[in-house]
Amino acid sequence: MEFARLRLILLFSLATSIHRVWRISLILMMCGGRQRAEEAINTTIQTYDLIPKAIINVLICIRTHVAEVDEVWRRRAEEAMQTTEQYYDPNPVAVANHLNMKVQDLSKQAIAKRGLLNAESGQCAATNPIDKCWRCKENWAEDRQALAGCALGFGSKATGGKGGKIYEVTDPSDNDMENPKVGTLRHAVIQKEPLWIIFAKDMNIKLQQELIVQGSKTIDGRGAKVHIANGAGIMLQFVKNVIIHGIHIHNISPCSGGMIRDSVDHVGKRGQSDGDAVSIFGSSNIWLDHLTLSQAHDGLIDAIQASTAITISNCHLSNHDKAILLGASDTFTEDKKMQVTVAFNRFDKGLVQRMPCVRFGFAHVVNNDYNQWEMYAIGGLQGPTILSQGNRFFASNNQNAKEVTKRMNCSPEEGKSWIWRSEGDVLLNGAYFNSSGDPKKQIQYQMDDVIKPESGTEVERITKFAGALVCKPGQEC
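Going by the working numbering, the residue at position 289 of the sequence shown is 290; the numbering climbs one at a time, nothing skipped.
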C-alpha cells in the first residue's frame with residue numbers, strides 16, 4: 002500500500018469517528034512495507050494531533066502477523082497495552098537489587114557447603130538462586146507448580162498455569178490448525194483457563210504453523226526430552242502470565258500462515274510468521290527458563306511492541322546470528338516501558354550478535370557466560386539503559402570483534418549519553434566493555450546494604466546447567 006494512500010485513509014478516518022480510526026488502524030497491521038506505514042502514521046499525527054495514545058500504539062503494530070483483523074484481536078491489543086502499563090516498574094533498580102541479593106545469598110551457602118553442591122559426586126548442584134528453588138527436591142514431579150514461585154527479576158510475577166489443571170500432551174502431531182486434536186500441544190495452549198502443560202513421553206514436535214499460546218499457561222518439559230524443531234516457532238501475542246521451561250527449540254523456519262485457531266472460541270487468518278524460536282509480542286509477565294535454543298530463521302527470542310516484565314534465565318543459546326532482540330522499531334517509543342532480566346544464561350559459540358540488542362528499554366544482564374561472539378555481544382539503539390553485572394565475556398580471536406558493546410543508529414556524542422554500566426564483569430582474551438553515561442547520573446541503588454551479584458569469575462559455575470535439563474521423576478533434577 003502506497004504512502005499517500007495510507008495517509009489518506011488515516012485522514013478520512015479522523016473525519017468520521019474514533020470507532021472507524023480503530024478499524025483503519027488495525028487494517029494497517031496487515032500492510033506490507035513497515036517503514037512506509039510508520040512514515041504515513043507519523044506524518045498524519047504531525048498534521049492532526051487528534052488520535053488518542055492507545056490508538057497510536059496499535060497503529061504501529063505492523064508486524065502483528067494478523068492477516069485479517071477482527072474484534073477479538075482489537076480487544077486483545079487494547080488489553081495488552083493496559084497490562085504493559087500495569088506491570089511497568091518505575092523503579093527497575095529495586096528489581097535488579099532483589100535478584101542481586103538472591104545471587105549473593107546462594108554464593109555464601111555454596112562456599113559454606115561446597116561438598117554438598119558437587120555434581121561430580123552425583124548430588125544435586127543448584128548453582129544459582131532460581132535453580133535452588135526447585136532442582137534439589139525429589140518430589141518436583143508431584144509438585145510441579147512450585148516452579149511458579151521461583152522466577153526472579155522482572156518476570157518474577159509470572160505464575161503461568163499455577164492453580165490450573167495438569168494437561169498431559171500425549172500426541173506430538175500438529176496436523177489440524179483450525180481444530181487441533183485433543184492431546185496435542187496446540188490443543189493445550191489454545192485453552193482459555195490456566196493450565197500446566199506437561200509431556201507424557203519424549204517428543205519431536207514439528208509445528209506446521211506458529212504456535213499461538215493463550216495466557217496463564219506453563220509449558221513444562223521436565224521429565225521428557227521435548228524438541229520443537231524443523232517447523233514454526235512459539236508466539237506469545239497480547240497475552241500475560243506465561244512460563245516456558247525445559248524444552249529444546251531449534252531449526253525454526255517461517256511458515257505461510259492461514260486460518261489458525263488461537264483460542265477455543267476464535268479462528269483467525271494469520272500472515273507469514275517471521276521464523277523466531279520464541280516471539281513475545283505485546284505481552285507481559287513472561288518467564289523463559291532452561292531452554293536450549295539454536296538455528297532459527299530470524300531471532301531465537303524476540304520481545305517487541307511494549308512487551309515487559311520478562312525474565313530469560315538458565316538458557317543455552319548457540320549457532321545462530323541474532324540471539325535476543327528487545328524492541329524492533331526505532332519509532333515505537335512505548336518500548337521505553339520494556340524491562341527484561343537476562344540472567345544465568347550461556348551464550349555459546351556460533352552466535353553472532355544481539356545477546357541482547359535493546360531499543361529504548363531497560364535490560365538487567367547478570368551472571369551470563371559469553372563465549373566468542375562473532376560481531377558483538379550487547380547492543381542497543383534509541384538510548385536504552387543496560388546494567389551489566391558479573392558477566393564473563395570471552396572474546397574470539399577476531400581482532401574486529403573484541404568489543405562487547407555496540408551502539409547503533411546514533412552519533413558518537415549521542416551514544417556517550419546512554420547509561421550503560423559494567424559492574425563486576427570479567428573480560429577475557431582482549432574483550433572490552435565501552436561504558437557510557439554521565440557519571441553524575443549513575444544508576445542509584447535503593448538500599449545501602451544491597452550486595453552486588455557474584456563476580457564474573459563464578460559464572461562458569463553459575464551457568465553450568467544452562468539449557469534443558471534431564472530430569473527423572475522421583476530424583477533430584
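All C-beta atoms, glycine included, are put in the ideal place defined by N, C-alpha and C.
Between the beta-carbon of residue i and the beta-carbon of residue j, is there less than 8 Å?
| i | j | result |
| --- | --- | --- |
| residue 305 | residue 344 | no |
| residue 325 | residue 302 | yes |
| residue 292 | residue 261 | no |
| residue 199 | residue 228 | no |
| residue 296 | residue 258 | no |
| residue 384 | residue 421 | no |
| residue 188 | residue 254 | no |
| residue 156 | residue 195 | no |
| residue 169 | residue 201 | yes |
| residue 264 | residue 233 | no |
| residue 349 | residue 372 | yes |
| residue 321 | residue 289 | no |
| residue 370 | residue 461 | yes |
| residue 425 | residue 454 | yes |
| residue 251 | residue 468 | no |
| residue 332 | residue 89 | no |
| residue 407 | residue 380 | yes |
| residue 365 | residue 388 | yes |
| residue 284 | residue 237 | yes |
| residue 182 | residue 203 | no |
| residue 1 | residue 137 | For residue 1 there is no data in the structure shown, the boundaries of the chain being 2 and 478. |
| residue 1 | residue 377 | Missing from the structure shown is residue 1; the chain here goes from 2 to 478 and no further. |
| residue 478 | residue 141 | yes |
| residue 337 | residue 362 | yes |
Given that a residue counts as buried once 16 or more other Cβ atoms are within 10 Å of its Cβ, and exposed if not, what is residue i?
| i | result |
| --- | --- |
| residue 87 | exposed |
| residue 161 | buried |
| residue 150 | exposed |
| residue 167 | exposed |
| residue 216 | buried |
| residue 307 | buried |
| residue 36 | Caution applies to residue 36, whose pLDDT of 44 falls short of 50 and renders its modelled position unreliable; the value that the coordinates give is listed next. With fewer than 16 other Cβ atoms within 10 Å, it is exposed. |
| residue 471 | exposed |
| residue 367 | buried |
| residue 347 | buried |
| residue 399 | exposed |
| residue 473 | exposed |
| residue 9 | Below a pLDDT of 50, predicted positions are generally treated as unreliable, and residue 9, at 43, falls in that range; the measurement from the model is reported next regardless. Exposed. |
| residue 91 | exposed |
| residue 409 | exposed |
| residue 413 | exposed |
| residue 154 | buried |
| residue 442 | exposed |
| residue 171 | exposed |
| residue 354 | buried |
| residue 277 | buried |
| residue 76 | exposed |
| residue 335 | buried |
| residue 175 | buried |
Note the first and the last residue of the continuous beta strand (DSSP E) segment covering residue i.
| i | result |
| --- | --- |
| residue 304 | 300-305 |
| residue 408 | 406-408 |
| residue 343 | 340-344 |
| residue 169 | 166-170 |
| residue 360 | 358-360 |
| residue 92 | Per DSSP, residue 92 belongs to no beta strand (DSSP E) and is neither H nor E. |
| residue 336 | Element bounds for residue 336: n/a, residue is neither H nor E. |
| residue 204 | 204-206 |
| residue 214 | Careful: residue 214 lies outside any beta strand (DSSP E) and carries neither H nor E. |
| residue 422 | 421-424 |
| residue 294 | 293-297 |
| residue 309 | 309-314 |
On the DSSP letters alone, give me the boundaries of the alpha helix (DSSP H) that residue i sits inside.
| i | result |
| --- | --- |
| residue 432 | From DSSP, residue 432 is part of no alpha helix (DSSP H); its letter is neither H nor E. |
| residue 263 | Counting along the chain, residue 263 falls outside any alpha helix (DSSP H), though it belongs to the beta strand (DSSP E) covering 259-264. |
| residue 189 | 186-190 |
| residue 131 | 130-133 |
| residue 220 | Residue 220 -> not in any alpha helix (DSSP H); beta strand (DSSP E) instead, spanning 218-221. |
| residue 143 | Taken as a continuous stretch (DSSP letters only), residue 143 belongs to no alpha helix (DSSP H), as it is neither H nor E. |
| residue 193 | Residue 193 -> no alpha helix (DSSP H), and no H or E assigned at all. |
| residue 463 | 460-463 |
| residue 328 | Note, residue 328: premise wrong, no alpha helix (DSSP H); not H, not E. |
| residue 416 | 413-417 |
Assess, as a yes-or-no matter, whether the region 391-400 is touched by the region 357-364 under the definition of 3 or more beta carbon pairs within less than 8 Å.
no
For the pair the region 216-227 and the region 243-258, tell me if three or more CB-CB distances fall below 8 Å.
yes
Quick check for students: name the residue ranges of the beta strand (DSSP E) that lie wholly in the region 368-399, counting only runs of 3 or more.
370-372, 379-382, 386-390, 393-395
Which residue spans inside the region 230-279 form an unbroken alpha helix (DSSP H) run of at least 4?
none
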